[in-house]
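Trainee: Pasting a structure below so you can have a look.
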Amino acid sequence: MLRRVLAWAAAALIGVALGVGSAWATLEFGRAGFIEHYGSWAHSRAAGSQAAGPYTRAIIARDGLLALSAREALYFTLYEDEEGRPLDESCVYDLSGPPLAARWWSVTLYDADNYLVRNNDHAGSIDASRIGLDSMWSVRVSPVRGNAPHWLSSRAAGRDFSLTLRVYNPHRDFRASAETLPRLTTLSCAGEA
22 MLRRVLAWAA
32 AALIGVALGV
42 GSAWATLEFG
52 RAGFIEHYGS
62 WAHSRAAGSQ
72 AAGPYTRAII
82 ARDGLLALSA
92 REALYFTLYE
102 DEEGRPLDES
112 CVYDLSGPPL
122 AARWWSVTLY
132 DADNYLVRNN
142 DHAGSIDASR
152 IGLDSMWSVR
162 VSPVRGNAPH
172 WLSSRAAGRD
182 FSLTLRVYNP
192 HRDFRASAET
202 LPRLTTLSCA
212 GEA
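Sequential numbering from 22 applies to the sequence shown in the working numbering.
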């Protein structure tokens with residue numbers, strides 16, 4: 022009798038371990054299955070989709086993205102510079118782009134934990150209402166503003182921060198590509214010669 026109880030307990034523990042392990046693996050590695058890349062920008066085609074299954078919804082919830090439908094907004098995230106290096110607070114970047122075929126857009130800087138950066142600079146996001154919808158634009162991404170007219174503060178963001186571009190009510194002719202999305206250029210990094 023004791024042998025049978027121990028066998029059931031062992032089987033239950035193995036089942037729980039396999040279930041937890043498979044759920045963790047799906048959440049950790051499954052997001053690559055619905056990510057599209059446009060240059061350095063990553064876009065989740067499942068974000069905001071009503072067809073998203075339970076695993077997809079769990080992945081999106083884990084990342085903290087409360088997404089609108091694709092007709093209402095498209096979300097693009099940048100984690101690396103043009104050389105494939107993680108974005109770093111010690112660097113100064115220029116983010117520039119053409120007009121975006123949308124009703125409105127914004128770019129927000131998040132720390133490695135996907136939270137807004139905790140500093141008092143009040144420069145965590147930039148949007149079309151400050152820059153304009155119909156012209157080329159440029160934003161400095163750095164820990165100090167300097168003489169930049171438009172600035173996203175990376176002070177206290179550390180290493181591995183990200184930039185999220187939200188394109189609201191994209192026009193029918195909006196097509197995401199490396200050419201139509203903003204381009205990030207590294208201007209300098211502290212400690213480099």
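Just so you know, even glycine gets a beta-carbon here, dropped at the ideal spot from N, CA and C. Keep in mind that this is a model prediction, so the values were computed, not measured.
Under a three-way DSSP split, which group does Gly-215 fall into?
Mentor: Outside the modelled stretch of the chain, which goes from 22 to 214, sits residue 215, for which no answer is possible.
Trainee: Which residue marks the beginning of the beta strand (DSSP E) containing Ser-209, and which one marks its end?
Mentor: Along the sequence shown, one-based indexing puts residue 209 at 188. Residues 204–210.
Trainee: By a C-beta neighbour count over all protein chains shown, 10 Å radius and 16 as the cutoff for buried, is Ser-198 buried or exposed?
Mentor: In the sequence shown, the residue the question calls residue 198 occupies position 177. With fewer than 16 other Cβ atoms within 10 Å, it is exposed.
Trainee: State the beta-bridge partners of Ala-94 as determined by DSSP.
Mentor: Here residue 94 refers to the residue found at position 73 of the sequence shown. Tyr-189.
Trainee: Which runs of the alpha helix (DSSP H), 4 residues or longer, sit entirely within the region 142–186?
Mentor: If we require 4 residues or more, the alpha helix (DSSP H) runs fully inside the region 142–186 come out as 149–152.
Trainee: To which residues of the same chain is Trp-125 closer than 6 Å at the C-beta, ignoring the five residues directly before and after it?
Mentor: Residue mapping note: residue 125 aligns to position 104 of the sequence shown, counting from 1. Excluding sequence neighbours, Trp-125 sits near Ala-149 and Tyr-189.
Trainee: What do you get for Ala-32, buried or exposed, if any count of 16 or more other CB atoms within 10 angstroms of its CB means buried?
Mentor: Here residue 32 corresponds to residue number 11 of the sequence shown, with the count starting at 1. Result: exposed.
Trainee: For Pro-107, which residues from the same chain have a beta carbon less than 7 Å from its beta carbon, with the 5 sequence-adjacent residues on both sides left out?
Mentor: Taking the sequence shown and counting its residues from 1, the one referred to as residue 107 is at position 86. Cβ within range, chain order: Tyr-100, Glu-101, Arg-180 and Asp-181.
Trainee: Out of curiosity, what's the CA-to-CA distance linking Thr-207 and Tyr-114?
Mentor: Counted from its first residue, the sequence shown places residue 207 at position 186. Counted from its first residue, the sequence shown places residue 114 at position 93. Whole-angstrom Cα-Cα distance: 4 Å.
Trainee: Could you name the residues of the same chain whose beta carbon sits closer than 7 Å to that of Ile-152, not counting the 5 residues immediately before and after it, in chain order?
Mentor: Looking up residue 152 in the sequence shown gives position 131. Around Ile-152: Trp-158 and His-171.
Trainee: In three-state terms, what does DSSP make of Leu-130?
Mentor: Residue 130 sits at position 109 when you count from the first residue of the sequence shown. Leu-130 falls in the strand class under three-state DSSP.
Trainee: Is the CB-CB distance between Asp-132 and Ala-63 below 8 Å?
Mentor: Residue numbering aside, residue 132 sits at position 111 when the sequence shown is read from its first letter. Residue numbering aside, residue 63 sits at position 42 when the sequence shown is read from its first letter. Going by C-beta atoms, Asp-132 is not nearer than 8 Å to Ala-63.
Trainee: Mind checking which residues open and close the beta strand (DSSP E) that includes Ser-111?
Mentor: In the sequence shown, counting from the first residue as 1, residue 111 sits at position 90. From DSSP, Ser-111 is part of no beta strand (DSSP E); its letter is neither H nor E.
Trainee: By how many angstroms is the C-alpha of Val-37 removed from the C-alpha of Ala-28?
Mentor: Working through the sequence shown from its first residue, we reach residue 28 at position 7. Working through the sequence shown from its first residue, we reach residue 37 at position 16. Their Cα atoms are separated by approximately 14 Å.
Trainee: Judging by CA-CA distance, which residue of Ala-91, Cys-112, Tyr-59 and Ile-35 is the nearest neighbour of Ala-211?
Mentor: In the sequence shown, counting from the first residue as 1, residue 211 sits at position 190. That would be Cys-112, whose Cα lies nearest to the Cα of Ala-211.
Trainee: Can you tell me which of the three DSSP states Arg-196 falls into?
Mentor: Mapped onto the sequence shown, residue 196 falls at position 175. Three-state DSSP puts Arg-196 in coil, outside helix and strand.
Trainee: Going by C-alpha distance, which of Leu-34, Val-160, Glu-104 and Ser-175 is nearest Asn-141?
Mentor: As a first step, residue 141 is located in the sequence shown; it is residue number 120 there, counting from the start. Among Leu-34, Val-160, Glu-104 and Ser-175, the Cα nearest to that of Asn-141 is on Ser-175.
Trainee: Have a look at Val-128 and Glu-213 and give me their C-alpha separation to the nearest angstrom.
Mentor: Locating residue 128 in the sequence shown gives position 107, where the first residue counts as 1. Locating residue 213 in the sequence shown gives position 192, where the first residue counts as 1. Straight-line Cα distance between these residues: approximately 27 Å.
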